[in-house]
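Beneath this line is the structure, given in structure tokens, with notes to follow.
In this note's numbering, the protein residues as written are 1238 to 1311.
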């Protein structure tokens, strides 16, 4: 597991909090596949996929903050 962020460092919602475990929801769904309806398994994949998408969007926005806007082409 990664080290906790140092004081004053920005906390990453998707890595440093309980939200991180939503990325493993599909594993829980698969573990209980024989005990729960198929809809629950599909829902677990939806939760995990939403986590991945939200994390990727967050990281992309943070990475793009330091770049100037692109010039418009004529």
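Glycine included, each C-beta is placed from N, C-alpha and C at the ideal position. All figures in this text were calculated on a predicted structure; none of them were measured in a lab.
So, using beta-carbon positions, are residue i and residue j closer together than 8 angstroms?
i, j, result
"residue 1259", "residue 1277", "no"
"residue 1303", "residue 1282", "no"
In the DSSP assignment, find the unbroken alpha helix (DSSP H) run with residue i in it and report its ends.
i, result
"residue 1252", "1250 to 1253"
"residue 1285", "1275 to 1301"
"residue 1266", "1262 to 1268"
For residue i, does the count of other Cβ atoms within 10 angstroms reach 16, so buried, or fall short, so exposed?
i, result
"residue 1288", "buried"
Determine, using beta-carbon pairs with one atom in the segment 1287 to 1295 and one in the segment 1248 to 1264, whether at least three such pairs fall under 8 angstroms.
yes
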